Amino acid sequence: MTEYETQMGLKPHFLVVMGVSGTGKTTVAAGLATRLGWHFQEGDALHPPANVEKMSTGQPLTDADRAPWLALCHDWLRKQVQAGHGAVLTCSALKRSYREQLRGEEGLPIEFVHIDTSAAELADRLQRREGHFMPVSLLPSQLATLEVPGDDEPVIRVSGEKHPDVVLEELIRHFQAED
Ligand SMILES: Nc1ncnc2c1ncn2[C@@H]1O[C@H](COP(=O)(O)OP(=O)(O)O)[C@@H](O)[C@H]1O
Ligand SMILES: O=C(O)[C@H](O)[C@@H](O)[C@H](O)[C@H](O)COP(=O)(O)O
Numbered sequence: 006m007t008e009y010e011t012q013m014g015l016k017p018h019f020l021v022v023m024g025v026s027g028t029g030k031t032t033v034a035a036g037l038a039t040r041l042g043w044h045f046q047e048g049d050a051l052h053p054p055a056n057v058e059k060m061s062t063g064q065p066l067t068d069a070d071r072a073p074w075l076a077l078c079h080d081w082l083r084k085q086v087q088a089g090h091g092a093v094l095t096c097s098a099l100k101r102s103y104r105e106q107l108r109g110e111e112g113l114p115i116e117f118v119h120i121d122t123s124a125a126e127l128a129d130r131l132q133r134r135e136g137h138f139m140p141v142s143l144l145p146s147q148l149a150t151l152e153v154p155g156d157d158e159p160v161i162r163v164s165g166e167k168h169p170d171v172v173l174e175e176l177i178r179h180f181q182a183e184d
């Protein structure tokens, strides 16, 4: 086992768990990080306060609003890659250009896990979720902004409508098969 292999013998991966609000990014990413002993960063916590204020009051972010946030997400990923231990970041990463910003000019070896969930299920979850700044009224703009990753992007696709434990098992099996 190398220094940063996990107990399960997996080599480190640098993951961005992506998708629209409510799709299950935090649930899946935190579970994966706990199971594999990988570092975890909640992307929401890297938003400048002005972005959180804007979303809380029902205004969608613009590309310009997201740029400093994506830069902080990129910095975090770059440090994980340099350190060489497995890492998982939650970040909606809605557009292809945002995913390119996350990879950066140096082309970080990150992989995206896209969690796909139906609009009806998302609306139901966001209405019921408590203690989060994101209002359900922003769901249409999230869905309209999403550019689903193409087959030419490093993406693993999972369903957000299965139980999170099932998604975790699928992901772990995927990494085991790859290694
Ligand atoms: N697979 C799932 N099935 C049912 N509910 C889920 C699932 N994944 C997440 N949830 C619930 O949906 C809400 C949004 O999940 P969360 O992980 O916060 O999503 P995101 O980080 O993408 O906004 C939370 O209340 C969470 O408990
Ligand atoms: O780019 C954006 O518009 C936001 O980052 C958004 O996509 C993200 O979803 C929010 O930060 C809400 O947080 P949750 O995704 O955790 O609901």
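Residue numbers (the working numbering): 6 to 184.
Just so you know, even glycine gets a beta-carbon here, dropped at the ideal spot from N, CA and C.
Just so it is clear, the structure is predicted and the values come from calculations on it, not from any experiment.
Assigned with DSSP and collapsed to three states, Ile-120 falls in strand.
The secondary-structure analysis by DSSP pairs Val-93 across a beta bridge with Leu-20, Phe-45. Apart from the 5 residues on each side of it in sequence, Val-172 sits with its Cβ closer than 6 Å to the Cβ of Val-33, Val-163 in its chain, given in chain order.
About 7 Å separates the beta carbons of Asp-121 and Gly-24, which is inside the 8 Å limit, making them a contact pair. Secondary structure note for Val-163: its beta strand (DSSP E) is the uninterrupted segment 160–164. Assigned with DSSP and collapsed to three states, Gly-29 falls in coil, not helix or strand. In the three-state DSSP reduction, Val-153 falls in the coil class, being neither helix nor strand.
Ranked by Cα distance from Ser-97, the options Ala-69, Gly-155, Glu-47, Lys-167 are led by Glu-47. Linking Glu-135 to Gly-27 through their CA atoms gives a straight-line distance of about 12 Å. Of the residues assessed, His-79 falls on the buried side of the cut-off, its CB having 16 or more other CB atoms within 10 angstroms. Within the same chain, and ignoring the five residues on either side of Ala-128 in sequence, the residues whose Cβ sits closer than 7 Å to its Cβ are Val-141, Leu-144. The region 100–114 and the region 61–75 touch, with no fewer than 3 CB-CB distances between them shorter than 8 Å. Taken through DSSP and simplified to helix, strand or coil, Phe-180 comes out as helix.
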